[in-house]
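Residue numbers (the numbering used here): 34 to 281.
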């Protein structure tokens, strides 16, 4: 157990999937949660209900990670409401693992570059300004960046950009006692792009894993909490794979 009472945790893409799991994991340890979302009001409301049940302070903010001005506004609202930010989890992202390069459109290219790379960059930039000394910066990558399947040329490239980005930030903020790390899940159960794949393909992803299943969102939350704990104070600039050994 890691006591996060008094800590303010900001999570982009924080109301569904991995982001939701991360927020709830921190909330169970007493943290105040700021979660952004793009459009799904129902998911934001549901998360609010769950956080109320845990008895923690929280704020959900509609914010498009493809728009830098909205990222800056998100951080400003968090600071104005709670006075501080201790942990930032840059989780907002767009998945695309079933589109061959010959079928990839200009619109898809622009969207993934804007959200997965530019959005992460601006989130880390704001985090480097806003996070309290001794705080934590965490980003969500993907093991697909290490071993891309057919159909994931664009997605894997945008996720592959995150490790060097996070490592550079880790060097820059370490003088303030802040760490920056990357969590790289494998294929995650229930993710939107997985739901669109044929069941045979989904089963193949699961069979490839030594555990015989895909990663689950709840596998990710506790890892983020650990990286924000005192026990992880000397873990910096690392990519932590949470994929059950799919790539090893």
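Here a beta-carbon is modelled for each residue, glycine too, at the ideal position from N, C-alpha and C.
Reference residue i, options the options, closest by Cα
| i | options | result |
| --- | --- | --- |
| residue 163 | 149, 106 and 266 | 106 |
| residue 268 | 275, 134 and 260 | 260 |
| residue 171 | 115, 127, 271 and 236 | 271 |
| residue 60 | 100, 41, 72 and 144 | 41 |
| residue 280 | 251, 130, 217 and 161 | 217 |
| residue 119 | 37, 250, 246 and 220 | 37 |
| residue 157 | 255, 212 and 189 | 212 |
| residue 48 | 122, 39, 35 and 113 | 122 |
| residue 247 | 275, 117, 262 and 265 | 275 |
| residue 205 | 239, 161 and 155 | 161 |
| residue 191 | 255, 165, 92 and 141 | 141 |
| residue 101 | 126, 117, 159 and 83 | 159 |
| residue 83 | 104, 97 and 54 | 54 |
| residue 103 | 35, 202 and 125 | 125 |
Opposing strand residues paired with residue i [DSSP bridges]
| i | result |
| --- | --- |
| residue 265 | Answer is none; residue 265 lacks a bridge partner. |
| residue 274 | 217 |
| residue 285 | For the chain, the structure presents residues 34 to 281; residue 285 sits outside this window and is missing. |
First through last residue of the alpha helix (DSSP H) which encompasses residue i
| i | result |
| --- | --- |
| residue 153 | 153-163 |
| residue 44 | First-last for residue 44: 41-45, but that is the beta strand (DSSP E), not the alpha helix (DSSP H). |
| residue 104 | 101-115 |
| residue 204 | 195-206 |
| residue 253 | 250-260 |
| residue 82 | 74-87 |
Outcome for residue i when other beta-carbon atoms lying within 10 angstroms are tallied against a minimum of 16
| i | result |
| --- | --- |
| residue 134 | exposed |
| residue 139 | exposed |
| residue 214 | buried |
| residue 278 | exposed |
| residue 244 | exposed |
| residue 167 | exposed |
| residue 73 | exposed |
| residue 86 | exposed |
| residue 50 | buried |
| residue 219 | buried |
| residue 178 | buried |
| residue 113 | exposed |
| residue 240 | exposed |
| residue 185 | buried |
| residue 180 | exposed |
Distance, residue j Cα to residue i Cα
| i | j | result |
| --- | --- | --- |
| residue 57 | residue 89 | 10 Å |
| residue 43 | residue 236 | 34 Å |
| residue 95 | residue 70 | 5 Å |
| residue 151 | residue 99 | 7 Å |
| residue 233 | residue 144 | 28 Å |
| residue 65 | residue 52 | 14 Å |
| residue 199 | residue 174 | 10 Å |
| residue 183 | residue 147 | 22 Å |
| residue 111 | residue 197 | 27 Å |
| residue 209 | residue 136 | 45 Å |
| residue 257 | residue 77 | 20 Å |
| residue 115 | residue 109 | 10 Å |
| residue 222 | residue 253 | 12 Å |
| residue 187 | residue 39 | 39 Å |
| residue 154 | residue 264 | 27 Å |
| residue 93 | residue 189 | 29 Å |
Enclosing beta strand (DSSP E) for residue i [first to last residue]
| i | result |
| --- | --- |
| residue 55 | From DSSP, residue 55 is part of no beta strand (DSSP E) but of the alpha helix (DSSP H) over 50-61. |
| residue 142 | Not the beta strand (DSSP E): residue 142 falls in the alpha helix (DSSP H), residues 139-145. |
| residue 92 | 91-95 |
| residue 67 | 65-70 |
Test: residue i CB closer than 8 Å to a CB of chain D
| i | result |
| --- | --- |
| residue 74 | The structure shown contains no chain D, having only a single protein chain. |
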